[in-house]
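Its first residue numbered 17, the sequence shown is counted upward by one per residue in the numbering used here.
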Amino acid sequence: MYCPRRFALLTLNLDWSENAFVVKANLLHENVHDGSHSFSDKRKAVRSAVTIYNDLPEYDLFGVTDCVEFIKDENGTEIPGLQGKYRVVLVEYKPKAPKDEKFHATDAIQVFAQKLCADHVWGCDSEAYLYYSDIRKRVRLPFDTEFEKYDNIIKKLLSEMREILEKGDYPKREKGQKCSGCSIKDRCFPKDTSYNVRDIVMSQKGVDDV
Ligand code: SF4
Numbered sequence: 017m018y019c020p021r022r023f024a025l026l027t028l029n030l031d032w033s034e035n036a037f038v039v040k041a042n043l044l045h046e047n048v049h050d051g052s053h054s055f056s057d058k059r060k061a062v063r064s065a066v067t068i069y070n071d072l073p074e075y076d077l078f079g080v081t082d083c084v085e086f087i088k089d090e091n092g093t094e095i096p097g098l099q100g101k102y103r104v105v106l107v108e109y110k111p112k113a114p115k116d117e118k119f120h121a122t123d124a125i126q127v128f129a130q131k132l133c134a135d136h137v138w139g140c141d142s143e144a145y146l147y148y149s150d151i152r153k154r155v156r157l158p159f160d161t162e163f164e165k166y167d168n169i170i171k172k173l174l175s176e177m178r179e180i181l182e183k184g185d186y187p188k189r190e191k192g193q194k195c196s197g198c199s200i201k202d203r204c205f206p207k208d209t210s211y212n213v214r215d216i217v218m219s220q221k222g223v224d225d226v
């Protein structure tokens with residue numbers, strides 16, 4: 017959702033590099049996934065780094081959550097390994113909140129994918145939150161009222177991603193694409209056509225100037 021070209025470079029070309037944003041997010045997730053956030057009390061059980069999936073053909077998703085809270089609720093669902101019934105709450109940690117909106121759309125769609133998986137695995141209707149660590153605030157995601165909207169977005173994205181994987185094409189940089197925060201911007205050469213750095217330099221400067 018952030019950039020189709022980035023998706024292709026990461027998955028087809030295995031390009032990778034880190035910038036400050038990536039390192040900050042990695043540190044935050046290492047902290048959340050280290051097991052110290054898992055606990056149980058009378059009211060709830062909290063688990064971090066839970067593997068979930070949805071193998072319905074229209075989704076075919078697999079991933080690992082940051083944090084799942086199972087909150088005791090007699091109207092909830094039974095969870096294997098826990099006694100009683102529970103409401104399921106997903107919490108995804110992100111380092112930086114947006115300035116003008118409640119949440120980043122790209123963050124929300126990631127959590128929506130988690131919801132599809134959690135609901136599939138536990139037969140529930142999970143609630144979902146983003147936790148922005150810079151403002152130390154949870155933001156509730158509107159999946160209960162806008163399920164269809166997010167479902168349409170994720171199905172479209174999945175179909176575009178699968179098309180990229182099947183065709184092996186690198187999409188061109190989209191008009192208006194914001195690249196300043198992209199960790200692989202230095203590697204984002206025009207890889208959809210073969211090129212030669214020497215030829216590019218020569219055509220720009222002229223042989224005599226080089
Ligand atoms: S530099 Fe820009 S166009 Fe290239 S992969 Fe990153 S976000 Fe996409």
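Every residue gets a Cβ at the ideal spot worked out from N, C-alpha and C, and that includes glycine. Please read these numbers as outputs of a predicted model, since none were measured by experiment.
Inset, instruction - Output the distance between the C-alpha atoms of residue 89 and residue 101, rounded to the nearest integer angstrom. - result: Your numbering for residue 89 matches position 73 in the sequence shown. Your numbering for residue 101 matches position 85 in the sequence shown. Their Cα atoms are separated by approximately 6 Å.
Inset, instruction - Using the beta-carbon of each residue, find all residues closer than 6 Å to any heavy atom of the ligand SF4 and list them in chain order. - result: 19, 21, 22, 25, 189, 193, 195, 198, 200, 201 and 204
Inset, instruction - Just mark residue 200 as buried or exposed, buried being the case when its beta carbon has 16 or more other beta carbons within 10 Å. - result: On the sequence shown, position 184 is the one that residue 200 refers to. Result: buried.
Inset, instruction - Identify, in the order they occur along the chain, each residue of the same chain with its Cβ nearer than 8 Å to the Cβ of residue 166, setting aside the five sequence neighbours on each side. - result: Along the sequence shown, one-based indexing puts residue 166 at 150. 124, 125, 128 and 159.
Legend entry - Three-state secondary structure assigned by DSSP to residue 166: Within the sequence shown, residue 166 is the residue found at index 150, counting from 1. Of the three classes helix, strand and coil, the one that applies to residue 166 here is helix, per DSSP.
Legend entry - Nearest-angstrom beta carbon gap, residue 148 and residue 157 [assumed within contact, 8 Å]: Here residue 157 corresponds to residue number 141 of the sequence shown, with the count starting at 1. Here residue 148 corresponds to residue number 132 of the sequence shown, with the count starting at 1. Not really, about 12 Å apart at Cβ, beyond 8 Å.
Inset, instruction - Determine the contact status of residue 140 and residue 93, defining contact as a CB-CB distance below 8 Å. - result: Taking the first residue of the sequence shown as position 1, residue 140 is located at position 124. Taking the first residue of the sequence shown as position 1, residue 93 is located at position 77. Going by C-beta atoms, residue 140 is nearer than 8 Å to residue 93.
Inset, instruction - Report yes if the CB atom of residue 20 is closer than 8 Å to the CB atom of residue 176, and no otherwise. - result: The residue given as residue 20 occupies position 4 in the sequence shown. The residue given as residue 176 occupies position 160 in the sequence shown. Going by C-beta atoms, residue 20 is nearer than 8 Å to residue 176.
Inset, instruction - Provide the residue span of the beta strand (DSSP E) that contains residue 91, from first to last. - result: Reading the sequence shown from its first residue, position 75 is the one you call residue 91. Run containing residue 91: 83 to 94, per the beta strand (DSSP E) assignment.
Legend entry - Any 3 or more C-beta pairs closer than 8 Å across the stretch 177 to 192 and the stretch 17 to 32: Yes: the two stretches touch, three or more of their Cβ pairs being nearer than 8 Å.
Legend entry - For residue 29, the first and last residue of its enclosing alpha helix (DSSP H): Counting from 1 along the sequence shown, the entry for residue 29 is found at position 13. Premise fails: residue 29 is in no alpha helix (DSSP H) and is neither H nor E.
Legend entry - Whole-angstrom distance between residue 185 and residue 25, CA atom to CA atom: Sequence index remark: in the sequence shown, residue 25 carries index 9 (1-based). Sequence index remark: in the sequence shown, residue 185 carries index 169 (1-based). Taking the straight line from one Cα to the other gives about 10 Å.
Inset, instruction - Measuring alpha carbon to alpha carbon, tell me which of 83, 113, 95 and 52 ends up nearest residue 130. - result: Residue numbering aside, residue 130 sits at position 114 when the sequence shown is read from its first letter. Ranking 83, 113, 95 and 52 by Cα distance to residue 130 puts 83 first.
Legend entry - Terminal residues of the alpha helix (DSSP H) in which residue 46 lies: Stepping through the sequence shown from its first residue, residue 46 is reached at position 30. That run of the alpha helix (DSSP H) goes 36 to 49.
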